[in-house]
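First the structure, in the form of structure tokens, and then the observations on it.
Numbering (the UniProt record's numbering), first residue to last: 1 to 468.
So this is what it looks like as structure tokens:
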């Protein structure tokens with residue numbers, strides 16, 4: 001009893017108890033952050049409980065009056081709430097979406113500036129200023145990369161939500177595709193659509209959107225492309241993931257169609273600092289396995305003799321490399337052929353010339369132009385002849401559908417020492433957009449000339465583009 005009444009021992013007991021208490025809180029918070037299956041809601045709930053529990057030793061051992069303790073608890077809590085309120089105000093006003101700030105993985109239909117669509121999965125709000133920034137996609141999970149650039153896109157979308165400098169009532173050529181066509185890594189005047197319009201001297205509409213696959217591109221053609229009254233439609237096929245997009249489309253469409261409107265509170269919470277900050281902490285604590293950057297990099301010597309490290313997140317196929325050998329005969333390619341057959345019927349009914357442009361993966365273009373280390377993973381990545389398989393699918397969809405493989409043009413320019421793909425990203429550089437546009441322009445001109453020459457002999461079968 002005397003020992004308990006000793007002020008010194010009482011003070012030591014309070015200190016020890018408080019340290020033990022706070023140590024337990026830190027341990028549990030750290031455990032949640034490092035748990036792979038934890039989510040931001042878990043961490044936020046634990047942080048809130050931890051904050052309240054952290055007051056336990058003070059409320060229990062402090063010699064202040066109950067009123068004094070309550071006032072201090074209320075004052076501190078109010079200060080914390082006000083501080084976070086100021087941070088959250090931009091999210092409430094929709095000025096800042098913290099999902100973009102913290103790079104939170106988010107379905108595209110949930111991102112600010114986008115909305116869900118039953119067939120396209122998501123669309124961009126028309127006439128909006130689109131501002132995004134991101135790191136090169138080929139650096140994901142790589143440790144020790146020398147090139148680390150932040151890409152920024154600041155542009156204004158047209159009335160349909162696409163990257164066109166002005167609203168178009170009509171267009172001689174429309175280009176449908178995915179992120180290669182939308183080109184968030186390039187300026188407006190560097191895009192393939194802008195370069196093609198310049199090369200052909202005709203209005204050209206960019207109808208590309210990041211994340212779209214063949215089923216969505218067919219709907220874009222039907223909904224936006226054909227109403228512009230084009231004479232030619234260029235449909236880009238990216239070998240890296242378009243077949244995967246074909247396979248995943250129906251499941252994603254079902255998911256979007258089952259969505260229910262979010263309450264304003266839930267909508268704000270998705271954009272909030274606390275939720276996305278907590279998600280960032282969890283991702284940092286999860287310690288995802290990383291790969292030494294040199295194992296997925298090659299040394300490329302440019303025209304000036306300077307060596308540039310080019311990074312590759314994959315070979316010619318995003319995902320399991322073992323699937324490369326089966327792509328040419330896959331059900332997804334047969335489904336793509338069926339989609340093209342429908343697109344061809346739509347185009348033919350309106351006298352539109354349909355051309356499919358094969359977009360190669362960066363590795364297909366640079367694999368023989370780079371020097372790889374002996375232990376490089378790139379040395380073991382398989383390469384198939386998917387361009388020929390896609391060409392056969394295109395021919396089977398209709399013998400009047402054109403096919404252009406962009407690989408030779410891009411490879412030839414790369415062999416001259418030019419970076420036609422970004423060193424740290426999957427997509428084209430400005431030079432890549434230019435090379436692709438010139439190849440498409442030359443193909444359309446030659447195709448138009450040939451069709452014009454044959455039009456008199458078989459007008460039902462051939463529909464000349466005209467004007468190139």
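No residue lacks a Cβ here, since even glycine has one placed at the ideal position from N, Cα and C. Note that the structure is a prediction, hence the values are computed from the model and not measured.
{"Item": "Presumed contact (8 Å Cβ cut-off) between residue 328 and residue 386, rounded CB distance", "Value": "6 Å"}
{"Item": "Integer-rounded CB distance, given that residue 113 should sit under 8 Å from residue 130", "Value": "6 Å"}
{"Item": "First and last residue of the uninterrupted beta strand (DSSP E) at residue 345", "Value": "Element bounds for residue 345: not the beta strand (DSSP E) but the alpha helix (DSSP H), 331-349."}
{"Item": "Beta strand (DSSP E) runs contained entirely in the region 168-215, provided each spans 3 or more residues", "Value": "173-177, 204-208"}
{"Item": "Residue 54 (DSSP reduced to helix, strand or coil)", "Value": "helix"}
{"Item": "Residue 276 in three-state terms, based on DSSP", "Value": "helix"}
{"Item": "Residues near residue 188 by beta carbon distance below 8 Å, same chain, minus five either side", "Value": "155, 163, 165, 194"}
{"Item": "Proximity below 8 Å, CB of residue 161 to CB of residue 217", "Value": "no"}
{"Item": "C-beta atoms of residue 237 and residue 359 nearer than 8 Å", "Value": "yes"}
{"Item": "Check whether residue 242 and residue 213 have beta carbons under 8 Å apart", "Value": "yes"}
{"Item": "Residue 331 to residue 230 span [Cα, whole Å]", "Value": "31 Å"}
{"Item": "Cβ contact (3+ pairs, closer than 8 Å) linking the region 373-390 and the region 251-269", "Value": "no"}
{"Item": "Local conformation of residue 12 per DSSP, three classes", "Value": "helix"}
{"Item": "Span separating the alpha-carbon of residue 235 from that of residue 356", "Value": "5 Å"}
{"Item": "Straight-line gap, residue 201 to residue 294 (C-alpha atoms, nearest Å)", "Value": "44 Å"}
{"Item": "Neighbourhood of residue 422 by C-beta distance below 7 Å, restricted to the same chain and skipping five residues each side", "Value": "136, 185, 429"}
{"Item": "Nearest to residue 371 (by Cα), restricted to the options 108, 118, 309", "Value": "309"}
{"Item": "Other residues of its chain near residue 199: CB distance less than 7 Å, five sequence neighbours each side excluded", "Value": "437, 438, 441"}
{"Item": "C-alpha distance - residue 74 paired with residue 426, whole-angstrom precision", "Value": "52 Å"}
{"Item": "From 39, 48, 57, residue whose alpha carbon lies closest to that of residue 13", "Value": "57"}
{"Item": "Residue 151: first and last residue of the uninterrupted beta strand (DSSP E) it sits in", "Value": "150-156"}
{"Item": "Residue 305 (DSSP reduced to helix, strand or coil)", "Value": "coil"}
{"Item": "Cβ-based burial, residue 133 [other Cβ within 10 Å; buried from 16]", "Value": "exposed"}
{"Item": "Spatial distance of residue 465 from residue 445 (CA atoms)", "Value": "Note that residue 465 scores a pLDDT of 47, beneath 50, so its modelled location is shaky; the value from the coordinates is reported in the next line. Looking at the two C-alpha atoms, the distance is approximately 9 Å."}
{"Item": "Beta-carbon gap between residue 282 and residue 40 smaller than 8 Å", "Value": "yes"}
{"Item": "Cα-Cα separation, residue 268 to residue 101", "Value": "15 Å"}
{"Item": "Helix, strand or coil at residue 253 [DSSP, three-state]", "Value": "helix"}
{"Item": "Stretch-stretch touch, CB-based, cutoff 8 Å, three pairs: the region 300-309 with the region 343-354", "Value": "no"}
{"Item": "Close beta carbons around residue 411, own chain, < 6 Å, minus the five adjacent residues each side", "Value": "365"}
{"Item": "Residue burial classification, residue 108 (beta-carbon count within 10 angstroms, cutoff 16)", "Value": "buried"}
{"Item": "Reduced DSSP category for residue 104 - H, G, I as helix; E, B as strand; rest coil", "Value": "coil"}
{"Item": "Residue 232 versus residue 219: straight-line alpha-carbon distance, rounded", "Value": "17 Å"}
{"Item": "Buried/exposed call for residue 215, threshold 16 Cβ in 10 Å", "Value": "buried"}
{"Item": "C-alpha gap between residue 72 and residue 61, whole angstroms", "Value": "14 Å"}
{"Item": "Selected residue, minimal CA-CA separation from residue 80, among 47, 435, 103", "Value": "47"}
{"Item": "Cβ-Cβ distance between residue 205 and residue 171 below 8 Å", "Value": "yes"}
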